[in-house]
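S.K.: Take 338 as the starting number for the sequence shown in the working numbering and just add one per residue.
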Amino acid sequence: MPVTVLPYILLGFCIWSFWLGWPLKKVSIFGDKLYVSNFRKEIAVPIKEILNVRGNILTDPQRVTIYLRNETEFGSKIIFIAKYRWFASWSKHPIVNELLEMTRSQNQAGFLT
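#1: Per DSSP, what kind of secondary structure is Ile416 in: helix, strand or coil?
#2: Note down, one range per segment and in chain order, each beta strand (DSSP E) of at least 3 residues found wholly within the segment 378-449.
#3: Could you check which residue in Gln443, Phe417, Gln445 has the C-alpha nearest to that of Ile432?
#4: Measuring CB to CB, does Thr402 end up less than 7 Å from Val382?
#5: Starting from Phe367, follow the beta strand (DSSP E) in both directions and report where the run begins and ends.
#6: Does the Cβ of Gly358 have 16 or more other Cβ atoms within 10 Å, making it buried, or fewer, making it exposed?
#7: Among residues of its own chain, excluding the 5 on either side of Thr450, which ones have a beta-carbon nearer than 8 Å to its beta-carbon?
#8: Which of helix, strand or coil does DSSP assign to Leu357?
#9: Take every Cβ of the segment 338-347, pair it with every Cβ of the segment 387-401, and state whether three or more of those distances are shorter than 8 Å.
#10: Here's a check: name, in chain order, each residue in its chain whose Cβ is nearer than 6 Å to the Cβ of Val364, leaving out the five neighbours to either side.
#11: Tell me Val373's beta-bridge partners as DSSP assigns them.
This is the structure in structure tokens:
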């Protein structure tokens with residue numbers, strides 16, 4: 338391979354990494370709120386706002402997408418990487434079901450604060 342091709346390969350890798358990593362957020366849960374951060378700013382989103390949660394089993398670690406009912410400062414879709422699980426390929430991450438269950442219980446009974 339000619340040496341002149343190497344900068345183009347590195348540039349392509351950087352663009353590809355930026356494209357995959359840009360939408361990622363840091364997500365944590367405390368009480369009835371979902372705290373979402375883009376590493377510069379943090380917002381609180383009520384768990385009742387969650388419409389759907391999906392995990393992508395084709396990525397390792399899994400990328401989890403949270404779909405919201407209303408638009409937030411970060412959009413109506415929040416993407417984060419779930420905690421890595423060893424030897425758990427081809428199965429949905431447990432956080433997906435936990436978030437869905439929290440949403441169902443919030444929407445059915447409400448949350449007392």
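Using N, Cα and C, we set each Cβ at its ideal position, and we do this for glycine too. Everything numeric in this text was worked out from a predicted model, so none of it was measured.
M.R.: Reading off the structure:
#1: strand
#2: 379-383, 387-393, 400-409, 412-418
#3: Phe417
#4: no
#5: 363-367
#6: exposed
#7: With a pLDDT of 46 at Thr450, under the threshold of 50, the modelled position of that residue is not reliable, and no figure is offered here.
#8: helix
#9: no
#10: Val373, Phe417
#11: Val364, Ile380
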